[in-house]
Each structure stands twice: as C-alpha cells, then as structure tokens.
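Take a look at the structure set out below.
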Amino acid sequence: MDERVREHAEVLIGWSARVEEGDDVVLSVGPDAHDLAVAVAEKLGERGANLLATYSSGEVTRAYLREYDGEFDEPAHERALYEHADVVLSLGGGRNTSAMADVSGDTRQTYDTARAGVREARFDTRWVSTIHPTRALAQQANMAYEEYRDFAYDAILRDWESLAEEMGRMKDVLDGGSEVRLVSGGTDLSMQIDDRTAVNSAASVAYDSHNLPSGEVFTAPYATEGEVTFDVPMTIRGEPVRDVRLEFADGEVVDYDAEQGGEVIEAVLETDDGARRLGELGIGMNRGIDRYTDTILFDEKMGDTVHLALGRAYDACLPTGESGNESAVHVDLITDVSEDSRLEVDGETVQRDGRFRWEDGFEG
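In terms of the numbering used here, the sequence shown opens at residue 61 and continues consecutively.
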C-alpha cells in the first residue's frame, strides 16, 4: 500500500473527523476506494471506535433508479442509521464518473427530494467526505493515474493548521462585512452577508468543515442582485455543463442560459423554490489544487476561484434559530477570478486577479 494512503486515513480520522473512542462510525465506501477503506478501518480500530461499513456505488444507484416505478418514500431505515451515528465518513472512488448519466432529471429530482430527511440526519453527525484517487477520476481529470495521485495527495496532505490560519483572515473580512460584490468578465453580482458567519473550511469538523481536501472560506449570502457567468467546466448529474449565466433579481434566478447543459441547470432550478436562490458563496484558497479536475470536491477549493451554490444553505453560517435558504439540492458553480476580476466587501477590494490584499502581488 502506498504510504500516502495511510497518511490520508490518519488526517481523515484525526484532523478531519476527530474520531474518539466509543464513537459509532458509518463508513461509506466507493467501489475503488478499497485501500483507503482498509487504512481507515485500521485507524478506527486503533482508536476503539465502532465501525459499520456500507457500499456506495453510482452504478448500483443507477440500476435501482432506472427500474423503480412509483413515488419515492423517505427511507426511514437509512435515516435511523445516521440518527444513531456519531461520525459518517464517505470515501468516494467510483469506477465510472458518469454512471448516472442516463437517469432522467425528473427521477433524480424526486429521489433527492424524498431523501431530504436522510441528508439532515447525516448533516447532524461529524460527517466528512473525501476521495481516494482512482483511475476513473484520473481519466476525468485528463491526467495519467500516477500524475493524478500526486496531485490528489498534494491537495489532501497539507499543513492544515497553517492554511487554517491564513483562511482565518478571509473569514474575519466576511464576518465583519455586509455586502459582497464580485466583478469580472460577464459578472457583476452583489450579495448581502450581514448577520452571517463565514466558515473557515480547514478540512475539520472543528472548523465546521466537512470535506477533505478543503481550503475555502464560505458563507450564506442572500438578497442577490445582478448577473454572474461561470466559466469553469463542470459535470452536474452526469452531464457536462459549460459557460453558465445566471441573472438574479430580488434574490432569485430570473433568467439563465448555458453554452452546454442548459437542461441540467433548468432541472436544478425546478427542484423547489429554494433552488432558485443562493445557499453559498465560497472563495477557493487551496493552492495545492492548481488545475481543473471535473471533480467538485477539488475544483471548488481551487485557488483563484469563487463558487456559488444554488440551493441549501449550511446551518453553520446562519444565526441561531434561523433556517436560511432551504432546498433539496446544493449545486456548486465555479468562476475563474485569476484575471480581470475583483472581490469587494463593503466597497473595499479584498481580492484582485486572484491575489488577496495580504499577499505579495496584490494591487489595491
């Protein structure tokens, strides 16, 4: 076994999920994440945690959804599993990144809606999602397998304490601000963020962060006005999506188009009322992620990018007792801010052409 797999497992168990003796842990394992699952199981055994491993496959889900005929009921048995868990660890690593491509958008929408309670129960645990580098992911990223493994571990095996300190500066800016404005080619968008709490997403539940790798600072905007273009290619629901444009008025999407994948964006927007509003503004700060991979777990953390998510807002960003934007979906879209762009908070430029005001090369 590559020693970096065990290092990955140690970061996941120790830094990210903060697993303790006696914790009840659900381990969701992708088809090709076997080595990482073995390493994680070893670490869980060392810590005296209670392990239940489950199998997670896009091909299995596809087979089920294509044959199911009828209304989807909430899977109470799955919700009960998460309600009794302390930690949920998801190890991504499928054999086919487009396994769900021929499942209709309507089917996915109704399936996602029926599972809202399951998601809420999982979000109430110390959940963390990560990815084991696989050949399928390397192919999707247009890299050789060995090259992709090096890339993935450069993003995962970071000095997370140092990165957390740097990202804390951006969190302080957002926590003290009321309005964010993003300006670049095809984009002039304003969002309110007052009374929100930004999350320093340093790959640990101690920071209200649930992805490994991570490396972003995000908050829950509202009252969105203006237009934004997303120029980083993505795959959403198994379909390629390119050059998406959204127009907002009174906080909602009022118009949209896309060079490719417009029908996917339409399906997302029609999920429910909350899908037409933003649930997240995220600022990528992990410069160990220096290229597009067509995997959202990496791409949304990429340095020199900003992403916005349609749908559900995370409770960690909201005042106590406030629900924020509610939706059965949370779909991220990414824009490159490395050139001809600026990010303003209350009229002050805090990032220009990808450089933050505390970094060398920033021009105010």
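Virtual Cβ for every residue (Gly too), placed ideally from N, Cα, C.
{"Item": "Answer with buried or exposed for Asp-92, where buried requires no fewer than 16 other C-beta atoms within 10 angstroms of its C-beta.", "Value": "buried"}
{"Item": "Between which residues of its own chain and Tyr-316 is the CB-CB distance below 6 Å, once the five residues before and five after are set aside?", "Value": "Leu-306, Ile-325"}
{"Item": "Measure the CB-CB distance between Leu-378 and Ala-280 and report whether it falls below 8 Å.", "Value": "yes"}
{"Item": "At which residues does the beta strand (DSSP E) containing Val-389 begin and terminate?", "Value": "Val-389 -> no beta strand (DSSP E), and no H or E assigned at all."}
{"Item": "Between Val-259 and the rest of its own chain, which residues show a CB-CB distance below 8 Å, the 5 nearest in sequence each way excluded?", "Value": "Lys-231, Tyr-267, Asp-268, Ser-269, Val-277, Phe-278, Thr-279, Tyr-374, Ala-376, Cys-377"}
{"Item": "From the DSSP output, read off the bridge partner residues of Met-203.", "Value": "DSSP lists no partner for Met-203."}
{"Item": "Helix or strand or just coil, what does DSSP make of Ser-189?", "Value": "strand"}
{"Item": "For Ser-387, I'd like the list of residues in its chain whose CB is within less than 6 Å of its CB, leaving aside the five on either flank, ordered along the chain.", "Value": "Asp-332, Gly-334, Ala-335, Gly-371, Arg-372"}
{"Item": "In the DSSP assignment, the alpha helix (DSSP H) including Ile-325 goes from what residue to what residue?", "Value": "322 to 329"}
{"Item": "If I follow the unbroken alpha helix (DSSP H) through Gly-118, where does it start and stop?", "Value": "118 to 127"}
{"Item": "Nearest to Gly-342 by CA position, among Arg-351, Gly-381, Thr-395, is which residue?", "Value": "Thr-395"}
{"Item": "Short of 6 Å in beta carbon distance, which residues of its chain neighbour His-264, apart from the five on each side in sequence? Order them along the chain.", "Value": "One point to set straight first is that residue 264 is Ser, not His, in the sequence displayed. Closer than 6 Å at Cβ, skipping near neighbours: Trp-75, Ser-76."}
{"Item": "Give the straight-line distance between the Cα atoms of Leu-112 and Val-178, rounded to the nearest whole angstrom.", "Value": "17 Å"}
{"Item": "Compute the Euclidean distance between the alpha carbons of Asp-310 and Ser-250, then round it to the nearest angstrom.", "Value": "11 Å"}
{"Item": "Count the other CB atoms within 10 Å of the CB of Tyr-128; is the residue buried (16 or more) or exposed (fewer)?", "Value": "exposed"}
{"Item": "Which residues does DSSP pair with Glu-276 in a beta bridge?", "Value": "Ser-261, Gly-344"}
{"Item": "So, with DSSP's three-state summary, where would you put Phe-358?", "Value": "helix"}
{"Item": "Applying the 10 Å Cβ sphere with the 16-neighbour rule, what's the burial state of Thr-380?", "Value": "exposed"}
{"Item": "Give me whichever residues DSSP pairs with Phe-416 in a beta bridge.", "Value": "Gln-411"}
{"Item": "Could you check the C-alpha separation between Ala-318 and Thr-284 for me, to the nearest Å?", "Value": "20 Å"}
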